[in-house]
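Chemist: Chains as they are written, first to last, in my numbering: chain A, 321 to 676; chain B, 321 to 676; chain C, 321 to 676; chain D, 321 to 676. C-beta atoms are modelled at their ideal positions from N, C-alpha and C, and glycine is treated no differently. Remember, it's a predicted structure, so these values are computed and weren't measured experimentally. Supplied in structure tokens, the structure appears directly below.
Protein chains: 4
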Amino acid sequence: MSDKIKTAVVGASGYTGIELIKILDNHEKAEIKYITSRTYAGKKVKEIYPMTLSLKNNSEITFIDEIKKKDLGSIDIIFLCLPPGKSMQYVSEIIENFKGRIIDLGADFRIKNEKEYEKWYGSMHILKELLPLFTYGLSEIKRDEIKKANYIANPGCYPTSVLLALAPVLKSRNINIESVNIDSKSGISGAGKKLIEDYLFLNMSDNFYAYSAAKHRHIPEMEQEICDMSGRQINICFTPHLLPVNRGIFSTIYLNLKKDSDLVNFENNLHDYYKNFYDGEIFVKFLGEKIPKLKDVVGTNTIQIGFLYDKRTCTLKIFSALDNILKGASGQAVQNMNIMFGFKEDEGLNLNSIYN
Amino acid sequence: MSDKIKTAVVGASGYTGIELIKILDNHEKAEIKYITSRTYAGKKVKEIYPMTLSLKNNSEITFIDEIKKKDLGSIDIIFLCLPPGKSMQYVSEIIENFKGRIIDLGADFRIKNEKEYEKWYGSMHILKELLPLFTYGLSEIKRDEIKKANYIANPGCYPTSVLLALAPVLKSRNINIESVNIDSKSGISGAGKKLIEDYLFLNMSDNFYAYSAAKHRHIPEMEQEICDMSGRQINICFTPHLLPVNRGIFSTIYLNLKKDSDLVNFENNLHDYYKNFYDGEIFVKFLGEKIPKLKDVVGTNTIQIGFLYDKRTCTLKIFSALDNILKGASGQAVQNMNIMFGFKEDEGLNLNSIYN
Amino acid sequence: MSDKIKTAVVGASGYTGIELIKILDNHEKAEIKYITSRTYAGKKVKEIYPMTLSLKNNSEITFIDEIKKKDLGSIDIIFLCLPPGKSMQYVSEIIENFKGRIIDLGADFRIKNEKEYEKWYGSMHILKELLPLFTYGLSEIKRDEIKKANYIANPGCYPTSVLLALAPVLKSRNINIESVNIDSKSGISGAGKKLIEDYLFLNMSDNFYAYSAAKHRHIPEMEQEICDMSGRQINICFTPHLLPVNRGIFSTIYLNLKKDSDLVNFENNLHDYYKNFYDGEIFVKFLGEKIPKLKDVVGTNTIQIGFLYDKRTCTLKIFSALDNILKGASGQAVQNMNIMFGFKEDEGLNLNSIYN
Amino acid sequence: MSDKIKTAVVGASGYTGIELIKILDNHEKAEIKYITSRTYAGKKVKEIYPMTLSLKNNSEITFIDEIKKKDLGSIDIIFLCLPPGKSMQYVSEIIENFKGRIIDLGADFRIKNEKEYEKWYGSMHILKELLPLFTYGLSEIKRDEIKKANYIANPGCYPTSVLLALAPVLKSRNINIESVNIDSKSGISGAGKKLIEDYLFLNMSDNFYAYSAAKHRHIPEMEQEICDMSGRQINICFTPHLLPVNRGIFSTIYLNLKKDSDLVNFENNLHDYYKNFYDGEIFVKFLGEKIPKLKDVVGTNTIQIGFLYDKRTCTLKIFSALDNILKGASGQAVQNMNIMFGFKEDEGLNLNSIYN
């Protein structure tokens with residue numbers, strides 16, 4: 321009998337769900353027990369996604385409609401890949417019967433302040449009492465809390481790309497920030513599997529534009545964690561853009577700094593802040609003053625970070641690149657599972673870019 | 321005998337040169353007399369660029385090595401498509417014998433302050449005395465000067481995308497700008513015809529990254545014109561990125577504004593500033609709070625501009641999209657020629673995107 | 321008052337309709353009177369297709385639901401851009417009141433044998449009596465008939481790419497063909513504006529595959545015209561593929577020839593057959609033994625043709641490249657209009673590729 | 321001490337070399353001992369290919385100039401990734417001192433008839449005596465020979481895509497083939513790391529064309545193996561094309577069959593031929609009458625095969641799709657190593673497409 325932990329993926333037919341299946345298929349310590357999909361219940365994954373024909377252990381795996389109450393007991397961990405509002409509903413239904421761990425890849429448990437949640441998501445939070453039990457799963461930053469956590473709110477893709485890039489600066493605490501402009505560019509898989517005209521090849525190829533520029537739901541999540549890391553309330557101006565590529569997020573972060581006596585000192589130490597902060601991390605590669613490239617991270621669980629300080633304008637530019645479905649979603653979710661269960665942190669995540 | 325004006329393109333084998341040939345081929349009031357290329361002298365354009373097989377009047381046109389001194393007299397206007405430093409050298413050689421007009425698509429005569437030029441371009445300016453004679457050819461902004469000019473310094477692609485987006489705001493003069501962050505994304509044709517590994521399909525497809533983030537030579541050009549338009553010395557933080565598309569520039573401009581009593585008033589009038597400023601312009605389309613898309617302008621001489629005001633952070637975001645080879649180079653050059661000679665401003669420039 | 325002919329586009333909101341609008345907007349001898357669209361009636365074209373903001377004369381043009389009976393008299397020519405079965409229905413409704421010319425870009429009047437039509441299209445033909453009145457509008461081959469025609473059945477995109485490539489060989493009549501395999505590759509615009517998952521950027525980018533390999537509706541159209549040109553009944557094996565590009569068709573045609581005494585002679589004369597056949601044609605460029613490239617024709621009304629004879633297998637390979645929406649549809653339609661009305665054949669069609 | 325076999329990659333800085341490094345990095349039974357590159361000797365792989373930052377065991381691995389004679393004894397298997405002519409030269413230099421196994425990913429030992437080699441490759445073969453010792457490593461077809469072989473000539477990318485598609489038909493032996501036309505389409509990585517203008521993003525994106533249509537060096541390799549499988553000498557007409565994608569080969573094979581009494585019988589059994597032939601194979605997926613898609617195999621070591629029989633023209637169309645760098649090169653090389661050493665055939669090759 322297998323001594324692997326038993327996992328389930330709820331809402332498994334979207335991009336993050338499929339990616340979880342692909343990662344867990346190669347995981348030495350975990351096996352997939354159930355995958356659910358209302359739309360595709362009864363169908364094999366390979367019928368919907370022919371590339372999963374290459375799965376090693378799960379090539380015949382089949383979507384079910386839902387996990388039966390009596391089966392919940394056999395599961396060690398559930399990954400939730402559900403749209404906004406659906407995670408809390410699902411958790412409220414199973415919480416009495418399910419004693420295992422939960423990693424929610426959705427947004428329902430990321431915002432600790434339910435008022436803030438309701439303001440940005442436009443609906444009531446029905447499980448406020450559980451909010452304090454969910455740890456924000458930014459792996460490198462919250463490793464100690466994650467080790468002890470039962471429930472994880474897995475970070476959004478943009479917030480992961482931004483917060484890991486900002487952490488070494490924010491935690492150094494000795495700069496005076498005037499404004500923060502974040503210009504992020506995402507591959508189209510970030511938009512999920514929606515069948516709308518804008519996402520047709522004909523409309524998206526050779527195209528580029530900003531979207532949700534007025535207000536994007538990832539803003540309160542980023543501001544909450546920025547406050548947590550820096551001890552300061554900082555409002556950010558965030559603009560996402562759509563790239564004509566499938567995968568990857570490239571964020572360019574502009575920190576406009578106040579000219580004061582500490583600035584030279586800060587500039588001189590910047591390289592060390594980053595180097596020391598991420599020393600020994602397997603999934604964060606600090607490139608110094610080199611700029612990362614999207615293609616070098618797509619297909620991997622790695623985030624690459626570089627920076628440049630513009631003296632003329634006292635602006636610190638930080639660049640980060642990651643794969644939005646891996647480090648920005650399913651990869652980080654498995655990394656969190658590995659931390660929770662004491663597995664090697666990169667178990668199942670030795671992924672190389674397919675590009676040369 | 322034709323009563324069309326006689327044009328010449330010097331350095332015609334690069335992207336901007338070929339685009340000039342394509343535009344002038346359809347021009348009712350101008351004809352192409354000479355095109356020069358050291359590399360391809362003696363070869364027909366169609367041998368190098370097979371798509372020019374479709375040219376109407378110039379399908380057999382041939383590159384020559386250089387225009388002979390004795391032929392200079394027959395030319396009404398010369399377009400220069402030369403690398404930095406080469407335009408001033410060429411102008412210094414012909415200026416005694418050539419009495420016609422010049423439009424320089426290169427950078428040599430854009431920066432009025434030769435010290436500034438030397439600082440950013442790293443070499444001496446050998447024709448300082450001519451600098452005051454060159455008009456900065458931002459068509460919509462300098463139309464009156466262009467009408468009277470003999471010599472035009474045609475704007476860079478990034479500056480065109482940024483300055484036309486900023487003009488209505490800067491000329492309104494009643495805001496207090498704290499910082500300007502400009503995040504531009506360009507198709508790869510902006511890099512010219514360089515044969516380097518980074519520009520191979522294999523390296524560029526599905527890729528994205530920032531470059532020249534420390535300092536890009538278009539910065540002094542933008543700051544000079546921003547000063548000219550606003551009456552204020554404003555330092556900008558500018559970061560160009562490379563998009564995996566052939567053509568087009570999309571600029572996202574962040575103006576971080578100081579909170580003061582005028583801000584609400586400014587916000588309320590923003591739409592009108594733009595609308596009035598560009599009223600009647602054929603090549604500037606103001607979209608209001610809609611965001612332009614790269615694909616809608618590629619293949620045209622049009623710039624599309626939209627904006628959004630982020631109250632939370634007092635940041636004005638301005639978005640612009642243009643075709644870097646057309647409105648950002650050869651299209652604007654012909655627009656300037658039309659203005660100089662009193663032709664219809666859109667003569668030869670009725671170009672539609674080929675996309676559906 | 322304008323002495324331009326009055327045109328109407330019925331079903332104008334699809335790709336071929338929009339392309340007609342863009343071409344006719346620049347046409348010296350024709351103007352657009354009506355454009356119809358059931359879906360977008362009442363909306364301006366630029367609201368649906370923002371790139372048409374650059375139209376010169378029709379930037380404010382608006383879709384109407386349908387042309388009123390009383391207005392039919394003022395129209396000189398109607399272009400039909402309707403799905404299979406809809407053209408014949410529309411023609412049957414207007415034919416009594418409309419005395420002008422018709423160019424049908426759809427398939428309803430291409431197949432002369434109504435039995436054949438019904439077999440491949442799976443429905444009855446309701447206007448058989450009109451079939452003989454429609455001329456198959458392959459411009460270079462049927463120019464004389466087109467001059468005299470009132471009604472044109474505009475060729476399909478694949479048939480245009482194949483028939484123009486085959487014509488010089490088929491009309492030489494002195495070869496013995498064993499089999500014909502046609503391997504065509506089309507950009508995704510050929511599939512029209514369908515909102516299906518396969519055409520999403522995420523599914524189509526970096527992808528490639530054959531489709532409709534069992535039987536494609538363009539087969540009977542090609543076999544009919546091959547018979548017409550060669551005097552022989554030849555069955556072709558045709559396989560279309562989908563390319564991850566917007567536009568263009570590249571066809572590779574394999575003629576497996578019977579080894580006989582004439583073959584050497586045929587091979588030696590091949591180059592001349594083509595050269596002489598297309599001598600003087602403005603929209604057909606014969607490249608000899610050079611292979612055309614898709615990018616050199618996209619955005620133009622030109623077809624480029626090359627060939628190679630493989631002695632080892634007695635196979636003649638013919639290569640052709642065209643823009644499926646232009647020479648393969650709307651461009652050829654306007655070319656036909658020009659022929660019908662005695663305009664310059666390239667009026668409105670001086671289009672250059674936007675690529676460098 | 322590790323009991324893994326020791327491997328070396330000679331000429332490791334090209335695409336196939338880097339892919340071998342990525343695969344072997346995850347291999348449970350093999351480790352990388354040496355990687356050589358004349359160009360990059362002394363440099364770390366990650367300096368040249370930043371995406372290899374994600375390697376698990378070899379993130380610091382460094383190119384050496386060449387393997388010293390004294391070190392050859394410690395190596396169990398050498399992979400050669402060298403240009404035509406260079407493999408035989410290298411083998412001739414080491415053969416006396418090296419007693420281990422060799423897998424040559426190049427072309428030098430694929431063609432058994434040295435006259436044929438010299439005819440197609442245009443140079444003398446300097447190691448004829450070794451030709452009989454090299455087994456053609458088409459894994460699924462030659463598994464038994466591979467098990468016993470010391471030296472493997474790893475198949476070309478196009479031949480793998482074609483031969484695995486044809487094998488079930490050719491081995492059934494009961495059809496009369498009139499002609500074979502093979503239309504293959506390859507991603508640009510197949511062209512290797514050449515810095516030429518044609519492979520620039522600007523020239524290749526949105527483009528498509530045939531190349532080497534007169535004669536491609538993979539033809540004699542395919543004809544040799546077709547003869548070996550069918551017992552008949554069959555000349556093939558082969559035309560490769562370049563796709564605007566990085567990876568993958570899609571082959572469309574047209575078998576024009578002679579009409580005879582067996583044909584109906586053959587058609588009825590076709591599905592079974594394939595199904596039975598590849599039953600149990602992990603890296604060959606037979607799709608029946610479904611057409612494979614390039615994207616479903618890119619990133620994997622799987623070939624997908626489908627077919628359609630066109631009764632009208634007695635033509636069997638076979639479709640195959642594979643990743644040219646994996647199943648078409650480095651993946652199949654490791655598969656062969658696994659077979660030679662008795663490892664699980666898919667060890668190190670559990671690769672999933674990164675696409676969703």
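From C:E545, C:I508, C:H538, pick the residue whose C-alpha is nearest to that of R567 of chain C; which is it?
Modeler: Position 247 of the third sequence holds residue 567 of chain C. Cα-wise, what sits closest to R567 of chain C is C:I508.
Chemist: Since Y547 of chain B sits in a beta bridge, which residues does DSSP pair it with?
Modeler: Working through the second sequence from its first residue, we reach residue 547 of chain B at position 227. Here the sequence assigns Cys to residue 547 of chain B, which means Tyr is not the residue at that position. In DSSP, C547 of chain B forms no bridge with anything.
Chemist: Since I497 of chain B sits in a beta bridge, which residues does DSSP pair it with?
Modeler: Here residue 497 of chain B refers to the residue found at position 177 of the second sequence. BP columns for I497 of chain B point to B:L577.
Chemist: Are any of the Cβ atoms in chain A nearer than 7 Å to that of L563 of chain B?
Modeler: Here the question's residue 563 of chain B lines up with position 243 in the second sequence. L563 of chain B counts as touching chain A.
Chemist: Could you compute how far the alpha carbon of T336 of chain B sits from the alpha carbon of N346 of chain B?
Modeler: The residue you call residue 336 of chain B lines up with position 16 of the second sequence. The residue you call residue 346 of chain B lines up with position 26 of the second sequence. Those two C-alpha atoms are separated by around 16 Å.
Chemist: Does the beta-carbon distance from I398 of chain B to A328 of chain B come in below 7 Å?
Modeler: Counted from its first residue, the second sequence places residue 398 of chain B at position 78. Counted from its first residue, the second sequence places residue 328 of chain B at position 8. Contact flag set, yes.
Chemist: Using CA coordinates, which residue listed in B:D391, B:E416, B:D424 is at the minimum distance from G405 of chain B?
Modeler: Within the second sequence, the letter at position 85 stands for residue 405 of chain B. The candidate whose alpha carbon is nearest that of G405 of chain B is B:D424.
Chemist: If you compare alpha carbons, which of D:V584, D:F454, D:I343 is closest to S407 of chain D?
Modeler: As a first step, residue 407 of chain D is located in the fourth sequence; it is residue number 87 there, counting from the start. Considering only alpha carbons, the answer is D:F454.
Chemist: In whole angstroms, what separates the C-alpha of I645 of chain A from that of V618 of chain A?
Modeler: Numbered from its first residue, the first sequence carries residue 645 of chain A at position 325. Numbered from its first residue, the first sequence carries residue 618 of chain A at position 298. I645 of chain A and V618 of chain A: Cα-Cα distance of roughly 9 Å.
Chemist: Am I right that T356 of chain B and V365 of chain B are in contact with their C-beta atoms under 8 Å? What's the rounded C-beta distance?
Modeler: Within the second sequence, the letter at position 36 stands for residue 356 of chain B. Within the second sequence, the letter at position 45 stands for residue 365 of chain B. In fact, because the Cβ distance is near 12 Å, the residues do not count as touching under 8 Å.
Chemist: Determine the contact status of S623 of chain A and L484 of chain A, defining contact as a CB-CB distance below 7 Å.
Modeler: Taking the first sequence and counting its residues from 1, one reaches residue 623 of chain A at position 303. Taking the first sequence and counting its residues from 1, one reaches residue 484 of chain A at position 164. Before going further, note that residue 623 of chain A is Ile rather than Ser in the sequence given. For I623 of chain A and L484 of chain A, yes; Cβs fall inside 7 Å.
Chemist: Do K342 of chain C and N670 of chain B have their beta-carbon atoms positioned less than 7 Å apart in this structure?
Modeler: On the second sequence, residue 670 of chain B is found 350 positions in, with the first residue counted as 1. On the third sequence, residue 342 of chain C is found 22 positions in, with the first residue counted as 1. Their beta carbons are not under 7 Å apart, which means N670 of chain B does not touch K342 of chain C by this criterion.
Chemist: Just list the alpha helix (DSSP H) runs in the region 488-534 of chain B, keeping only unbroken ones of 4 residues or longer that don't cross its boundaries, in chain order.
Modeler: Taking only runs of at least 4 residues, the alpha helix (DSSP H) segments lying wholly in the region 488-534 of chain B are 521-524.
Chemist: With DSSP run on the structure shown, which of helix, strand or coil describes K610 of chain A?
Modeler: As a working note, residue 610 of chain A is residue 290 in the first sequence. Reduced to three states, the DSSP call for K610 of chain A is coil.
Chemist: Put P403 of chain D into one of helix, strand or coil per three-state DSSP.
Modeler: What you label residue 403 of chain D is simply residue 83 of the fourth sequence in a count that begins at 1. Coil.
Chemist: Tell me whether T572 of chain A is buried or exposed, calling it buried when 16 or more other Cβ atoms sit within 10 Å of its Cβ.
Modeler: Mapped onto the first sequence, residue 572 of chain A falls at position 252. With 16 or more other Cβ atoms within 10 Å, it is buried.
Chemist: How would you call M444 of chain A, buried or exposed, if buried means at least 16 neighbouring beta carbons within 10 angstroms?
Modeler: Within the first sequence, numbered from 1, the residue matching residue 444 of chain A stands at position 124. The residue is exposed, with fewer than 16 neighbouring Cβ atoms inside 10 Å.
Chemist: Quick check: T635 of chain D and C634 of chain C, are their CB atoms within less than 7 Å of each other?
Modeler: Counting from 1 along the fourth sequence, the entry for residue 635 of chain D is found at position 315. Counting from 1 along the third sequence, the entry for residue 634 of chain C is found at position 314. Their beta carbons are not under 7 Å apart, which means T635 of chain D does not touch C634 of chain C by this criterion.
Chemist: According to DSSP, is I414 of chain D part of a helix, a strand, or is it coil?
Modeler: On the fourth sequence, residue 414 of chain D is found 94 positions in, with the first residue counted as 1. Residue state, collapsed to three classes: helix.
Chemist: Who are the neighbours of K376 of chain A on chain D, taking C-beta pairs under 8 Å?
Modeler: The count along the first sequence starts at 1 and reaches residue 376 of chain A at position 56. Correct list: D666, N670.
Chemist: Could you check the C-alpha separation between Y354 of chain D and K376 of chain D for me, to the nearest Å?
Modeler: Your numbering for residue 354 of chain D matches position 34 in the fourth sequence. Your numbering for residue 376 of chain D matches position 56 in the fourth sequence. Between Y354 of chain D and K376 of chain D, the C-alpha separation is close to 16 Å.
Chemist: Which term fits D323 of chain C, buried or exposed, when burial requires 16 or more other beta carbons within 10 angstroms of its beta carbon?
Modeler: Numbered from 1 along the third sequence, position 3 holds the residue referred to as residue 323 of chain C. Exposed, by the Cβ-count rule.
Chemist: Would you give the residue range spanned by the beta strand (DSSP E) that G626 of chain C belongs to?
Modeler: Position 306 of the third sequence, counted from the first residue, corresponds to residue 626 of chain C. That run of the beta strand (DSSP E) goes 623-630.
Chemist: Counting along the chain, where does the beta strand (DSSP E) carrying L562 of chain B start and finish?
Modeler: Counting from 1 along the second sequence, the entry for residue 562 of chain B is found at position 242. Element bounds for L562 of chain B: 556-562.
Chemist: Report the rounded CA-to-CA distance for S412 of chain C versus D526 of chain A, giving the unit in angstroms.
Modeler: Locating residue 412 of chain C in the third sequence gives position 92, counting from the first residue. Locating residue 526 of chain A in the first sequence gives position 206, counting from the first residue. For S412 of chain C and D526 of chain A, the distance between alpha carbons rounds to 41 Å.
Chemist: Using a 10 Å radius around the Cβ and a threshold of 16 neighbouring Cβ atoms, would you call T480 of chain C buried or exposed?
Modeler: Locating residue 480 of chain C in the third sequence gives position 160, counting from the first residue. It is buried - the Cβ of T480 of chain C has at least 16 other Cβ atoms within 10 Å.
Chemist: Could you give the DSSP three-state label for Y437 of chain A: helix, strand or coil?
Modeler: For this step, residue 437 of chain A is matched to residue 117 along the first sequence. Reduced to three states, the DSSP call for Y437 of chain A is helix.
Chemist: What would DSSP say about E351 of chain A, mapped onto helix, strand or coil?
Modeler: For this step, residue 351 of chain A is matched to residue 31 along the first sequence. Strand at E351 of chain A.
Chemist: Compare the Cα-Cα distances from E541 of chain D to each of D:E434, D:K647, D:L450, D:K595 and report the closest residue.
Modeler: Counted from its first residue, the fourth sequence places residue 541 of chain D at position 221. Of the listed residues, the one whose Cα sits closest to E541 of chain D is D:E434.
Chemist: With respect to the alpha helix (DSSP H) encompassing L642 of chain D, which residues constitute its N-terminal and C-terminal limits?
Modeler: Counted from its first residue, the fourth sequence places residue 642 of chain D at position 322. Note, L642 of chain D: premise wrong, no alpha helix (DSSP H); beta strand (DSSP E) at 635-642.
Chemist: Locate the beta strand (DSSP E) running through R421 of chain D, then write down its first and last residues.
Modeler: Walking along the fourth sequence from the start, residue 421 of chain D turns up at place 101. Looking at the DSSP string, the run of the beta strand (DSSP E) that includes R421 of chain D is 421-424.
Chemist: Counting only beta-carbon separations shorter than 7 Å, does K704 of chain D have a partner in chain A?
Modeler: With chain D running from 321 to 676 in the structure shown, residue 704 of chain D is simply not present.
Chemist: Indicate whether H538 of chain B and G476 of chain B have their beta-carbon atoms separated by less than 7 Å.
Modeler: For the purposes of this step, residue 538 of chain B is identified with residue 218 of the second sequence, where counting begins at 1. For the purposes of this step, residue 476 of chain B is identified with residue 156 of the second sequence, where counting begins at 1. Result yes, Cβ atoms of H538 of chain B and G476 of chain B sit closer than 7 Å.
Chemist: Are A487 of chain C and I461 of chain C touching if we call contact CB-CB under 7 Å?
Modeler: As a position in the third sequence, residue 487 of chain C is number 167, starting the count at 1. As a position in the third sequence, residue 461 of chain C is number 141, starting the count at 1. For A487 of chain C and I461 of chain C, yes; Cβs fall inside 7 Å.
Chemist: Would you identify the three-state DSSP class for F586 of chain C, choosing helix, strand or coil?
Modeler: On the third sequence, residue 586 of chain C is found 266 positions in, with the first residue counted as 1. Looking at F586 of chain C - three-state DSSP - the assignment turns out to be helix.
Chemist: Tell me whether M657 of chain D is buried or exposed, calling it buried when 16 or more other Cβ atoms sit within 10 Å of its Cβ.
Modeler: Position 337 of the fourth sequence, counted from the start, is the residue given in the question as residue 657 of chain D. M657 of chain D comes out buried.
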